[in-house]
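Chains as they are written, first to last, in the numbering used here: chain A, 7 to 398; chain B, 7 to 398. Note sheet for the following structure.
2 protein chains.
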Amino acid sequence: MNTSASATDPTTRTLADPDTPFAVVDAHKARLNVERLAARADRLGVTLRPHVKTAKSLDVAALMHDGDPPCPVTVSTLAEAEAFADGGYTDITYAVGIDPHKLPRVLALLRRGVTLRVLLDSTEQTASVTEASRRAGLPIPTQIETDCDGHRGGLKPDAPELIEIGRVLHEAGCLDGVLTHAGESYFAYTAEEQRLAAKNERDTAVAAAERLRAAGLPVGTVSVGSTPTAHSAEDLTGVTELRAGNYVFFDLVMAGLGVCRVDDLALSVVVTVIGHRAEYGWIVTDGGWMAMSRDRGTANQSQDQGYGLVTDLAGNLLPGLVMTAASQEHGTLTTREGTSLPDLPIGTRLRILPNHACATAAQHHGYHVIDDTRTTNTAPAIQTYWERVTGW
Amino acid sequence: MNTSASATDPTTRTLADPDTPFAVVDAHKARLNVERLAARADRLGVTLRPHVKTAKSLDVAALMHDGDPPCPVTVSTLAEAEAFADGGYTDITYAVGIDPHKLPRVLALLRRGVTLRVLLDSTEQTASVTEASRRAGLPIPTQIETDCDGHRGGLKPDAPELIEIGRVLHEAGCLDGVLTHAGESYFAYTAEEQRLAAKNERDTAVAAAERLRAAGLPVGTVSVGSTPTAHSAEDLTGVTELRAGNYVFFDLVMAGLGVCRVDDLALSVVVTVIGHRAEYGWIVTDGGWMAMSRDRGTANQSQDQGYGLVTDLAGNLLPGLVMTAASQEHGTLTTREGTSLPDLPIGTRLRILPNHACATAAQHHGYHVIDDTRTTNTAPAIQTYWERVTGW
Numbered sequence: 007m008n009t010s011a012s013a014t015d016p017t018t019r020t021l022a023d024p025d026t027p028f029a030v031v032d033a034h035k036a037r038l039n040v041e042r043l044a045a046r047a048d049r050l051g052v053t054l055r056p057h058v059k060t061a062k063s064l065d066v067a068a069l070m071h072d073g074d075p076p077c078p079v080t081v082s083t084l085a086e087a088e089a090f091a092d093g094g095y096t097d098i099t100y101a102v103g104i105d106p107h108k109l110p111r112v113l114a115l116l117r118r119g120v121t122l123r124v125l126l127d128s129t130e131q132t133a134s135v136t137e138a139s140r141r142a143g144l145p146i147p148t149q150i151e152t153d154c155d156g157h158r159g160g161l162k163p164d165a166p167e168l169i170e171i172g173r174v175l176h177e178a179g180c181l182d183g184v185l186t187h188a189g190e191s192y193f194a195y196t197a198e199e200q201r202l203a204a205k206n207e208r209d210t211a212v213a214a215a216e217r218l219r220a221a222g223l224p225v226g227t228v229s230v231g232s233t234p235t236a237h238s239a240e241d242l243t244g245v246t247e248l249r250a251g252n253y254v255f256f257d258l259v260m261a262g263l264g265v266c267r268v269d270d271l272a273l274s275v276v277v278t279v280i281g282h283r284a285e286y287g288w289i290v291t292d293g294g295w296m297a298m299s300r301d302r303g304t305a306n307q308s309q310d311q312g313y314g315l316v317t318d319l320a321g322n323l324l325p326g327l328v329m330t331a332a333s334q335e336h337g338t339l340t341t342r343e344g345t346s347l348p349d350l351p352i353g354t355r356l357r358i359l360p361n362h363a364c365a366t367a368a369q370h371h372g373y374h375v376i377d378d379t380r381t382t383n384t385a386p387a388i389q390t391y392w393e394r395v396t397g398w
Numbered sequence: 007m008n009t010s011a012s013a014t015d016p017t018t019r020t021l022a023d024p025d026t027p028f029a030v031v032d033a034h035k036a037r038l039n040v041e042r043l044a045a046r047a048d049r050l051g052v053t054l055r056p057h058v059k060t061a062k063s064l065d066v067a068a069l070m071h072d073g074d075p076p077c078p079v080t081v082s083t084l085a086e087a088e089a090f091a092d093g094g095y096t097d098i099t100y101a102v103g104i105d106p107h108k109l110p111r112v113l114a115l116l117r118r119g120v121t122l123r124v125l126l127d128s129t130e131q132t133a134s135v136t137e138a139s140r141r142a143g144l145p146i147p148t149q150i151e152t153d154c155d156g157h158r159g160g161l162k163p164d165a166p167e168l169i170e171i172g173r174v175l176h177e178a179g180c181l182d183g184v185l186t187h188a189g190e191s192y193f194a195y196t197a198e199e200q201r202l203a204a205k206n207e208r209d210t211a212v213a214a215a216e217r218l219r220a221a222g223l224p225v226g227t228v229s230v231g232s233t234p235t236a237h238s239a240e241d242l243t244g245v246t247e248l249r250a251g252n253y254v255f256f257d258l259v260m261a262g263l264g265v266c267r268v269d270d271l272a273l274s275v276v277v278t279v280i281g282h283r284a285e286y287g288w289i290v291t292d293g294g295w296m297a298m299s300r301d302r303g304t305a306n307q308s309q310d311q312g313y314g315l316v317t318d319l320a321g322n323l324l325p326g327l328v329m330t331a332a333s334q335e336h337g338t339l340t341t342r343e344g345t346s347l348p349d350l351p352i353g354t355r356l357r358i359l360p361n362h363a364c365a366t367a368a369q370h371h372g373y374h375v376i377d378d379t380r381t382t383n384t385a386p387a388i389q390t391y392w393e394r395v396t397g398w
C-alpha cells in the first residue's frame with residue numbers, strides 16, 4: 007500500500023504519458039522545503055512534528071525525516087493514524103478534538119504500542135477520555151487544546167476549566183501537555199504580522215503550560231505550529247515541538263503570504279488543452295475542480311490567483327496566464343490584463359499550481375513523482391508513484 | 007466493485023454507528039427525484055440520459071432506470087465510462103471535449119461493444135478523431151458541442167467551422183449529432199429565466215442540427231440538458247435526449263434556484279459535535295471541507311447557505327443553524343440572526359445538507375444508504391453501502 011510502481015514504468019514514462027488530469031510531486035523541491043524547515047527547527051531548539059494531512063503519504067513523510075527512524079507526526083484523521091502506524095510510526099498526535107465515539111480506535115492503536123496523543127478542550131471530552139482509559143487500563147495521552155487567536159477550538163489559557171481538566175487528566179494518568187495552532191496566521195499578510203502571530207502562539211501555549219504547572223500538574227508536551235508561524239518564529243523558549251504540514255509542498259496561499267516563492271511549489275496538476283474560445287479569451291482544459299478542488303484561498307489575498315497559475319510541463323511559469331474558472335472536469339485559462347493569450351494547441355499539456363496544496367492533493371489517489379528540475383526538457387521523467395491515505 | 011456490504015452490517019447498524027464524517031444517501035428521496043424527472047421526460051417525448059457524474063455509483067444509476075436494461079448514460083470521465091461498461095451499460099456519452107491522447111481508451115471501449123460517444127468543437131479534434139477511427143477501422147461516434155450561453159465549450163450554431171467539422175466527421179462515419187449544455191442556467195434565478203434558458207438551449211441545439219442537415223449531413227442525436235433546464239423545459243421539439251445528473255440528489259444550489267425543495271435533498275454528511283465556543287456562538291464539528299468540499303455555490307444566491315444547512319440524524323432541519331466555516335477536519339456551525347444556538351452536547355450527531363452534491367459526494371468513497379423516511383427515530387437504519395467510481 008505504501009509505494010506502488012504499478013501505475014508507471016519508470017524506464018519509459020514522462021509527464022506526457024499518463025492520461026490527464028493527474029497530480030505531480032517534484033521531490034527535489036519537496037526535499038528543499040523540508041530541509042529549510044528542519045534547519046529552522048534545529049536553530050530554534052524544538053522537535054519538528056510534521057503534519058501529514060497535506061500529503062497523506064508515507065513516501066512524502068519519509069522525505070520529512072530522511073529515512074529511519076520515523077519521526078513524530080501529526081495527523082488529521084484516525085485513518086492517517088492507522089496507516090502511519092502500519093508504516094512503523096509510533097509517535098502520533100491526532101490534532102482534531104476527540105469525538106468520544108472514536109475512542110475504541112484510539113485504544114486499539116495504543117494497544118499496538120503506538121503513542122497516540124489526542125486533543126480536547128471540554129470537561130465532557132475529559133470525562134469520556136479518562137473513563138475510557140480506566141476501563142481499558144490504558145491511559146490515553148491527552149493534550150489540552152489552547153486557543154491563541156479565536157480561529158477554531160481550544161480554551162483560552164486563562165479559562166477557568168483549564169486547571170480542572172488538567173487535574174482530571176493527570177489523576178487518570180492521561181495528561182500529556184498543551185497544544186495550540188495559530189490558524190489566523192493564514193491571514194497575517196506581512197512578515198511582521200507573522201512574527202507576532204508566532205510570538206502569540208508560543209506565548210499562549212507556554213502560558214497555559216505554566217498555569218497548569220503552577221497548579222502542580224506536570225506538562226510534558228508544549229506544541230505549537232502552523233506553516234506561516236513555523237517559518238517566522240524567532241524564539242520558542244518553553245515550547246517542546248513545532249507542527250507544520252503544508253510546508254512540504256507549499257502553495258499559492260503560502261506564496262501570497264511571502265512564506266515561500268512560487269518556484270518552491272512542489273505540487274501541481276497536469277492538464278491538457280481541450281478547447282479554445284477566442285471570442286472570450288479562454289483556453290479550456292480537462293482539469294476542473296475535481297482535479298484542483300474548489301479551494302479559492304487566494305481570493306482574499308492582494309493577488310487573487312483564481313484556481314491556480316499555469317506552467318509548461320517542465321515547470322516554467324506562463325506569465326499572466328491564470329486558471330480563472332472551473333466546472334467539474336473543465337478548467338478555463340485566461341490572461342491578466344496586458345498579457346496576450348499564448349498559442350497552446352489542442353493536446354498541449356500544462357501544469358496548474360494550486361491555491362491550497364492540502365485541498366488539491368485530496369482530489370487525487372496519489373502522486374506521479376518527478377525529480378529532475380535541473381533539466382529543461384518539456385516532459386520530465388516520472389520516477390515513481392506515491393499513494394495517498396484516504397477516508398476517515 | 008458495484009455493491010459492498012463489507013462496511014456495514016445491515017441487521018444492526020444505524021447512522022449512529024459508523025465513525026464520522028460519512029456521506030449518506032436517502033434512497034427514498036432519490037427515487038422520488040428520479041420519478042419526477044422521468045415523468046417530465048416522458049411528457050416531453052425525449053429519452054432521458056442521466057449524467058452519472060454526481061453520484062458516480064452503479065447502484066444510484068440503477069435507481070435511475072429502475073432495473074434492467076441499463077439506460078443510456080452521460081459520464082464526465084473515462085474512468086466512469088469504463089466502470090459503467092463493466093456494469094453492463096452499452097450506450098455512454100463522454101460529455102467533455104475529447105483530448106486526443108485519450109482516444110486509445112475510447113477505442114478500447116468501442117471494441118468491447120460499448121457505443122461510447124465523444125464530444126468536440128474544433129477542427130484539430132476532428133482530425134484526431136477521424137484519423138484514429140480510420141486507423142482502427144472503427145468509427146468513433148462523435149457529437150459536435152454547441153454553445154448556447156457562453157458558459158464553457160462549443161461552437162455557436164452559426165460558426166463557420168460547424169459545417170466543415172460535420173462534413174469531415176460524416177465522411178469518416180463518425181457524425182452522431184450535436185450536444186449543448188445550458189451551464190448558465192445555474193445562474194437563472196427565476197422560473198421564467200429558467201424556462202428561457204431551456205428554450206434557448208433547445209433552440210441552439212436544434213438550430214445547429216438543422217444547419218448541418220441543410221448541408222446534407224445526417225444528424226441523429228440532438229442532446230440538451232442541465233438539471234435546471236431539464237426541470238423547466240416546456241417544449242423539446244427536435245431534441246432527441248435530455249441530460250441531467252444533479253437531480254438524483256439535488257442540493258442547496260438547486261433549492262436556491264427553486265428547482266427543488268430543501269426537503270428533497272437526498273445526500274447529506276453525518277458529522278459529530280466535538281466542541282463549543284460559546285463566546286463566539288460556535289458549535290464545532292468533525293466535518294470540515296474534506297467532508298463537504300470547498301464548494302460555496304450558494305454564496306452568490308440571495309440566501310447564502312454557507313457550507314450547508316443542518317438537520318438532526320433523522321433529517322429534521324434545525325432552523326437557523328448554518329455551517330459557516332470549514333477547515334480541513336473542522337466545521338463551524340453558527341445561527342442566523344434572531345435564532346438561539348441549540349443545545350447540542352459533545353458527541354451529538356448531525357447531518358449537513360450540501361451546497362453542491364457533485365462536489366460533496368466527490369469527497370467520499372461511497373454512501374451509507376438509508377430508506378426509511380417515514381419513521382421519526384433519531385438514527386435511521388443503514389440498509390447498505392454503495393461505492394463510488396473515482397479517479398480519471
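Ideal Cβ placement from N, Cα and C applies to all residues, glycine included.
* Give me the Cα-Cα distance between Thr341 of chain A and Gly287 of chain A, rounded to the nearest whole angstrom. => 8 Å
* Asked: DSSP beta-bridge partners for Thr196 of chain B?
  -> Thr196 of chain B is not bridged to any residue.
* Asked: Between A:Thr53, A:Gln149, A:Gly160, A:Leu69, which lies nearest to Asp377 of chain A when the distance is taken from Cα to Cα?
  -> A:Leu69
* Pairwise C-alpha distance: Ser63 of chain B and Thr9 of chain B -> With a pLDDT of 37 at Thr9 of chain B, under the threshold of 50, the predicted position of this residue should be treated as unreliable, and no value is reported.
* Span separating the alpha-carbon of Asp257 of chain A from that of Glu177 of chain B -> 48 Å
* To do: Determine the direct distance from the alpha carbon of Leu202 of chain A to that of Ser191 of chain A, and round the result to whole angstroms.
  => 9 Å
* To do: Between the Cα of Asp153 of chain B and those of B:Glu240, B:Ala188, B:Thr132, spot the shortest distance and give me the residue it belongs to.
  => B:Ala188
* Asked: When the Cα atoms are used, what is the spatial distance from Leu248 of chain B to Cys364 of chain B?
  -> 19 Å
* Beta-ladder partner(s) of Leu248 of chain A, from DSSP -> A:Leu54, A:Val230
* Asked: What residues in the stretch 351–379 of chain A bring their beta carbon closer than 7 Å to a beta carbon of chain B?
  -> Pro351, Ile352, Gly353, Cys364, Ala365, Ala368, His371
* To do: Consult DSSP for Ser139 of chain B and reduce its assignment to one of helix, strand or coil.
  => helix
* Asked: What does Thr83 of chain B touch in chain A if you count any residue whose Cβ is under 7 Å from its own?
  -> Glu335
* To do: Look at the alpha carbon of Ala55 of chain B and the alpha carbon of Ala250 of chain B, and state the distance between them as a whole number of angstroms.
  => A small fix is needed here, since residue 55 of chain B is Arg in this sequence, not Ala. Spanning the two alpha carbons is a distance of roughly 7 Å.
* What is the DSSP secondary structure of His336 of chain B, reduced to helix, strand or coil? -> coil
* **For Gln334 of chain A and Asp241 of chain A, the rounded distance between their alpha carbons** => 45 Å
* Pro27 of chain A burial status per 10 Å Cβ neighbour count (16 or more: buried) -> buried
* Is the beta carbon of Leu185 of chain A less than 9 Å from the beta carbon of Ile146 of chain A? -> no
* Measuring from the CB of Arg55 of chain A, is there a heavy atom of the ligand GDP at a distance below 8 Å? -> Inclusion of the ligand GDP in the displayed structure is not the case, the ligand content being empty and no account of it being possible.
* Which one or two residues does DSSP pair with Ile98 of chain A in a beta bridge? -> A:Val79, A:Leu122
* Answer yes or no: does any C-beta atom of chain B fall closer than 9 Å to that of Gly189 of chain A? => yes
* To do: Could you work out which residue in B:Arg117, B:Gly159, B:Val174, B:Leu144 is closest to Thr132 of chain B when comparing CA atoms only?
  => B:Val174
* Could you spell out the range, first to last residue, of the beta strand (DSSP E) harbouring Val290 of chain B? => 288–291
* Please go through the same chain and pick out, in chain order, the residues whose beta-carbon is closer than 8 Å to the beta-carbon of Val81 of chain B, but skip the five residues on each side of it. => His57, Val58, Lys59, Ala87, Phe90, Ile98, Thr99, Tyr100, Ala101
* Between the beta-carbon of Ile358 of chain B and the beta-carbon of His282 of chain B, is there less than 9 Å? -> no
* Terminal residues of the continuous beta strand (DSSP E) containing Val259 of chain A? -> No beta strand (DSSP E) holds Val259 of chain A; the alpha helix (DSSP H) holding it covers 258–262.
* Asked: Taking Leu113 of chain B as the reference, which of B:Leu126, B:Leu144, B:Ser232 has the closest Cα?
  -> B:Leu144
* **Beta-carbon gap between Ser229 of chain B and Val265 of chain B smaller than 9 Å** => no
* Asked: Can you give the Cα-Cα distance for Gly303 of chain B and Trp295 of chain B, rounded to whole angstroms?
  -> 14 Å
* For Ala211 of chain B, the nearest candidate out of B:Ala85, B:Pro224, B:Val245 (CA to CA) -> B:Val245
* **Neighbourhood of Gly326 of chain B by C-beta distance below 6 Å, restricted to the same chain and skipping five residues each side** => Thr341, Arg342, Thr345
* What separation, rounded to the nearest whole angstrom, lies between the Cα atoms of Arg118 of chain A and Thr53 of chain B? -> 57 Å
* To do: With distances taken Cα to Cα, identify the nearest neighbour of His402 of chain B among B:Ala33, B:Glu198, B:Leu271.
  => It is not possible to answer for residue 402 of chain B, since the shown part of chain B is limited to 7 through 398.
* **is_contact[Trp392 of chain B, chain A] using C-beta, thresh 9 Å** => no
* Asked: From A:Tyr313, A:Ala22, A:Lys108, pick the residue whose C-alpha is nearest to that of Val259 of chain A; which is it?
  -> A:Tyr313
* Could you please give the first and the last residue of the uninterrupted beta strand (DSSP E) stretch that includes Leu175 of chain B? => Premise fails: Leu175 of chain B lies in the alpha helix (DSSP H), 167–177, not in any beta strand (DSSP E).
* **Supposed contact pair Leu223 of chain B and Ala367 of chain B - C-beta distance, whole angstroms, cut 8 Å** => No, Ala367 of chain B and Leu223 of chain B are not in contact; Cβ-Cβ is about 39 Å, not under 8 Å.
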